[in-house]
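K.L.:
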Amino acid sequence: MSNKYPFVEDTLSKKLQAGTGLSVDCLTCRRKATLEIAELVKRLGPDRGCLHWDLIKVIYCHQCRAAGRDDLTLQFTNHALTPEERSRRKPCP
Ligand SMILES: [Zn+2]
59 MSNKYPFVED TLSKKLQAGT GLSVDCLTCR RKATLEIAEL VKRLGPDRGC
109 LHWDLIKVIY CHQCRAAGRD DLTLQFTNHA LTPEERSRRK PCP
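Counting in the numbering used here, the sequence shown runs from 59 upward without gaps.
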C-alpha cells in the first residue's frame, strides 16, 4: 500500500504541501472565486479541514450575504496540478 497516491488532502496544510488549488462557485449568484490556500492557512490555521463541510462553516458568498440571499449554496472544486505544473513547482536542488 502506498501512501503517495491517492493522497487525501483533508487539511489545509496538506493541501498547501500538495500545491493543489481550490475554487468555489456560488450557486446562487454564479460567482466563482479561487481560494488562496496559503491565505486560508494564515486565517484558519494549518490543521483546519479543507473538505466541504469544514469550509462551508468559514466561507460564504459575500455578495449574497450582503444582498440577503442564501449565501451558503457553495460548491468547492479541487484542482490538481498537471505534471507540468508540478515539475515547475519543484524547488531547485
Ligand atoms: Zn453568491
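Every residue gets a Cβ at the ideal spot worked out from N, C-alpha and C, and that includes glycine.
Note that the coordinates shown come from a computational prediction; the quantities given were computed from them, not determined experimentally.
Taking 8 Å as the cut-off, is the CB of T86 close to at least one heavy atom of ligand 1?
P.N.:
Position 28 of the sequence shown, counted from the start, is the residue given in the question as residue 86. Under cutoff, so the answer is yes.
K.L.:
In whole angstroms, what separates the C-alpha of E142 from that of G126?
P.N.:
Position 84 of the sequence shown holds residue 142. Position 68 of the sequence shown holds residue 126. Taking the straight line from one Cα to the other gives about 43 Å.
K.L.:
From the DSSP secondary-structure annotation, give me the bridge partner or partners of D83.
P.N.:
Here the question's residue 83 lines up with position 25 in the sequence shown. DSSP lists K90, Q133 as partners of D83.
K.L.:
Using 10 angstroms around the beta-carbon of E70, count the other beta-carbons present and answer buried if the total reaches 16, otherwise exposed.
P.N.:
Taking the sequence shown and counting its residues from 1, one reaches residue 70 at position 12. Inspection of the sequence shows that residue 70 is occupied by Leu rather than by Glu. Per the 10 Å Cβ criterion, buried.
K.L.:
Measuring only the C-alpha atoms, how far is S145 from R123?
P.N.:
For the purposes of this step, residue 145 is taken as the residue at position 87 of the sequence shown. For the purposes of this step, residue 123 is taken as the residue at position 65 of the sequence shown. If I take the Cα positions, the gap works out to 40 Å.
K.L.:
Round the Cβ separation of V99 and L74 to the nearest angstrom and send it over; I've been treating them as touching at under 8 Å.
P.N.:
As a working mapping, residue 99 is identified with position 41 in the sequence shown. As a working mapping, residue 74 is identified with position 16 in the sequence shown. Confirmed, Cβ separation roughly 6 Å.
K.L.:
Which residues mark the beginning and the end of the alpha helix (DSSP H) in which V99 is found?
P.N.:
As a first step, residue 99 is located in the sequence shown; it is residue number 41 there, counting from the start. Start and end: 95-102.
K.L.:
Who are the near neighbours of S81 in its chain, counting only those whose CB is closer than 7 Å to its CB and skipping five residues on each side?
P.N.:
Sequence index remark: in the sequence shown, residue 81 carries index 23 (1-based). K90, A91, T92, L93, T135, H137.
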